[in-house]
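Sequences listed follow chains A and B, in order.
According to the numbering used here, the first sequence is numbered sequentially starting from 1.
According to the numbering used here, the second sequence is numbered sequentially starting from 1.
Backbone N, C-alpha and C define an ideal beta-carbon position, used for all residues, glycine too.
The structure under discussion appears below in the form of structure tokens.
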Amino acid sequence: MLLLAFLVLVPLAWLAWTSLQDPLTGQLTLDNYRTAFTRRIYLAPIANSFRMATAVAVIAVLVGTPLAWLVARTDLPGRWLLRPLILAAFVTPSFLGANAWIFLAAPNSGMLNRAWAALFHTEHGPADIYSLNGCIFVIALYSIPYTFSLVTATLELMSSELEDAATTLGSGTFRTTWSITLPLALPAILSGFLLSFLEALELFGPPAFILIPAREQVMTTQLYLFFSLFPPQIEVAAAYAMPLLLVTVALLLLQRRILGRRRFTTVTGKGGLRRPLRLGAWRWPLLVVAFVPPLLAVVLPYGALLLVSLQQSWGRGPLAPGNLTLHWYAWALFDNPTTRTAILHSLEYSAAAASIALVLATLVAYLVVRALVPLARVLGFVAMAPFVVPGIVLAIGFLAAYSRPPLLLYGTAFILIAAYATRFLPIAYSNSAAILQGINADLENAARTLGAGRLRALGEITVPLLRRGLLSGWLLVFIPALRELSASVFLFTPQTHVITTVMFDFSDAGNYEAVSTMGLLMMLVTFAVVLAAFRFLGRDVTR
Amino acid sequence: MSALISIRGLRKAYGESVAVNGIDLEVEGGEVMALLGPSGCGKTTTLQLLAGFLRPDAGEIRVGERVLSSPRSVVPPERRQMSLIFQSYAVWPHKTVRQNVAFGLQVRRTPRAELARQVEAVLKTVRLERLADRYPAELSGGQQQRVALARAIVVQPQILLLDEPLSNLDANLREEMRFEIRRLHDQTGITMVYVTHDQAEAMVTADRIAVMNQGRIEQVATPYEVYERPTTQFVAAFIGRTNTLEGTLLAPGEVATAGGRLRAVDETGCPPGTPVAVCIRPHHVQVAEAGLAPPNGNHFRGRVLRSAYLGEARDYQVELEAGGRVRATAPPTSDLPVGSEVTVQLPVERCRVVTR
């Protein structure tokens, strides 16, 4: 319980407290808020953030909804391939995508721009990724999967009978889709909109890579800039982070209400046959259109990353003699101590964080699900609280709380591990709680009536039954921790570099070959760990 | 005779709702006691209190001379020497049949050879010896049920608690397992407390039945007595079909109902003026064409509302002139047309006064 307070409550309390402190005298003041919310240079990023979030959400919904409909309800050829491609977009960290798009669409050097210039004999290509629009484009690409998966899930639960009912009343296909299918999917669409909006508001990665060089700030990059000033303006940053926190809480509450209603909608349509809609002559043109988003989100970016990482110097082009090489991989894995230790750090910290989060989450979930202590529900609530805290805000809280006595953790690995564990605690908690709910308490009680104490029953009955689910819970924390950027950049020091912070530094220094190499290595490590885990699980078949 | 289990003034509430509201019950050693009642009557809570999973708000549970549960302290389940059969069986899916059964003995540090011998013996008792190395997922519901039984009795508990043990089985199997459980009892002589909502199940397995309703025990008696001599309207209606005519007690054995005065067997000992009811089983009700039989008290005039031929009997529903309906089970040869005027005779010795 102490650990829970240490991870969740103390940082949040310090965040609020710091925002009210005078940096010099330590007295209570509202000056930080006045500074943060009256100066024009600080207000512009707020406007940018909301503009960006709105645009991203609109695009994501406008693209994601038809895509979901095509995959879930029609006989579009190749739709079996769309799903894994969109899943691939889902698991790609958006900051990696941002980097890839820098290679593709940087004003002069971008591959697409160069191709365009060569093709049409112009001086410059048309695209400029270093802009607010460029950033919106990239974030939207990786936001589409939210709407897509929510809407697909709804559409797949919906029985064709609901649509048939309209058709038998004389409504045409188009009209039925418009007036029956779409409204039924509306809660899912709205929910996808809100998630995309929030994501765009909170994201640090793509704005950091794209907008900081463009000198056009959003709230998250502005927060970062507060820290790169000298002396760092932690107090103002804390104040500046508050609206981000409040908006997040408000929107997530809203989303929950919408989802609550959504459950109601799907139940009515549950359990029925679904027939795919025949697209007829539209099949082929729609097929081409449908594959555009995955092309932009997955195929082109990974191609670009791979191409850049395999060249000695990507400015010279892959055809230049001697330029195609595995040099950067050898460099990252063996020659360069910074990258090598960063990879090891990433693995260690993520593993440690996943273990801590898992143990803590399972203990709390156990207390809550079995209602063992009077205030268990409160504990569960605290464990879920980090869900509403953007990573960057959490980092500021940790910085405020643990960069001063009595607990001076800044500069150590612990602060990163703790931040990861906290940030992804809700994932572990909801996973553990769901599994525990699925295990009948009788199984444990049976052991007790036979003479086993509570601990023995837990160890010999419950834990073995949990094992499989717990391992996947561990992965659910490990994977996002491995690619965590927004909290890491605030909490790392040169001694505690991780993969993402190294990438951030290399990008800053213009070493893009190293960035793409590290990015691909990160993805490789992730897949390797997931594969290994599933192999391990595969052998351990509990019946 | 001194009781093995004695429960006094037991009470348990969850927030506002009172699950068990002051229960007194004595269970003799070697007896099968059924706790019978509709869902929500508090029978499962009573069992959980007995097993030591819950702490009572008031009252106490003794086994022999030892107080096992009281509001101050509860001996934990693992030290009560009671085994519990769960409604869900709670057979551990990650252990084989043998491992499931062996668990309790392992906890008791039984020497290996002795353990193997006992496990083998109990598996034979429940006829599972050939399935010993299967996992529960490979067993049928009835077999899983027998694993749960074997696992519970192998440790030779003083008391076996059963929580709706047959409710997850299909009808045929349920009937078979009723006798199986009774056989197991007769073989081992173990004291059982058996929770069920199924009156037939209770009547087959139990020596005595405690009928529960809304957190209280309404009656504790043998299956025969509970059926033939119910003391409350709830018991009469819950065990088998019955007709009830509500009224007020005029004098011992005399009740004023809407249709007039009724005489009935009265063991309530209630003072005149008490609101009571008169119960009579449908097969004791006599229906005859109006004016045929000489009325000799305890009769009503009515009209046949519905008539159903059931093969073994004929079922009538009669609307009384004075209001209310009575069901009667007549011999299959009886054939009174729907709508005909009839006389309904309620034999005094078959009518019982019960409290409401």
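Between Met219(A) and Leu132(A), the beta carbon gap of about 13 Å keeps them out of contact (Cβ cut-off 8 Å). Contact of Gln145(B) with chain A is not assigned, every C-beta pair being separated by 9 Å or more.
Flagged as an interface residue toward chain A: Phe53(B), by a C-beta distance shorter than 9 Å.
Of the residues Glu78(B), Val75(B), Gly15(B) and Arg208(B), the one whose Cα lies closest to the Cα of Leu25(B) is Arg208(B). Residue burial annotation: Asn48(A) is buried, with at least 16 other C-beta atoms found within 10 angstroms of its C-beta. In this chain, the beta strand (DSSP E) harbouring Met33(B) covers Val32 to Leu36. As the crow flies, the alpha-carbon of Phe534(A) is around 18 Å from that of Pro84(A).
Separation of Leu250(B) and Glu78(B) (C-alpha to C-alpha, rounded to the nearest whole angstrom) is 54 Å.
The Cβ of Arg535(A) sits no closer than 9 Å to any Cβ of chain B. Here Val32(B) is buried. Its C-beta has 16 or more other C-beta atoms within 10 Å.
At a cut-off of 9 Å, the C-beta of Gln87(B) has a neighbouring C-beta in chain A.
Neighbourhood of Asp164(A) in chain B, by CB distance below 8 Å: empty, with the nearest CB roughly 36 Å away.
Beta bridge pairing from DSSP links Asn243(B) with Ile280(B).
Close partners of Pro464(A) in chain B (Cβ separation under 7 Å): His94. Classified as buried, Glu444(A) has 16 or more neighbouring CB atoms from the shown chains inside 10 Å of its CB. Between the stretch 157 to 165 of chain B and the stretch 80 to 88 of chain B there are three or more C-beta pairs closer than 8 Å, enough to call the two in contact.
For Gln217(A), the CB contacts under 6 Å within the same chain, skipping 5 residues up- and downstream, are Pro45 in chain order. Among the CB atoms of chain A, one or more fall inside 9 Å of the CB of Gly104(B).
Scanning its chain for C-beta atoms nearer than 6 Å, with the 5 sequence neighbours on each side dropped, one finds around Thr45(B) the residues Lys12, Ala19 and Val20, in chain order.
Nearest CB-CB separation between Val107(B) and chain A: below the 9 Å threshold.
With respect to chain B, the C-beta atom of Thr341(A) has no partner C-beta closer than 9 Å.
Annotation: Asp164(A) to Leu476(A) spans about 40 Å, alpha carbon to alpha carbon.
Nearest to Arg114(A) by C-alpha distance, out of Val71(A), Leu81(A), Leu286(A) and Arg316(A), is Arg316(A). Note that the C-beta distance between Glu319(B) and Arg325(B) is below 9 Å. Closer than 9 Å to the CB of Met82(B) there is at least one CB belonging to chain A. Against Ala90(B), the close residues of chain A are Asn440, Asp442, Leu443, Asn445 and Ala446, in the order they occur along the chain (beta-carbon pairs closer than 8 Å). Just measuring C-alpha positions, the residue of Leu307(A), Ser472(A), Thr422(A) and Ile258(A) sitting nearest Leu319(A) is Leu307(A). Scanning its chain for C-beta atoms nearer than 6 Å, with the 5 sequence neighbours on each side dropped, one finds around Ala447(A) the residues Ala457 and Ile461, in chain order. Taking CB atoms only, Gly451(A) has a neighbour in chain B less than 9 Å away.
A buried status is given to Arg263(B), since no fewer than 16 other beta-carbon atoms sit within 10 Å of its beta-carbon. The contact set of Arg151(B) on chain A, defined by CB atoms closer than 8 Å, consists of Ala446 and Leu450 in chain order. Scanning Leu300(A), Leu358(A), Ala413(A) and Leu379(A) for the CA closest to the CA of Thr341(A) turns up Ala413(A).
Annotation: Leu408(A) to Leu425(A) spans about 22 Å, alpha carbon to alpha carbon. Against Ile461(A), the close residues of chain B are Trp92, in the order they occur along the chain (beta-carbon pairs closer than 7 Å). With contact defined as three or more Cβ pairs closer than 8 Å, the stretch 384 to 393 of chain A and the stretch 355 to 364 of chain A are not in contact. Among the residues of chain A, those whose CB is under 8 Å from the CB of Pro77(B) are Asn445, Arg448 and Thr449, following chain order.
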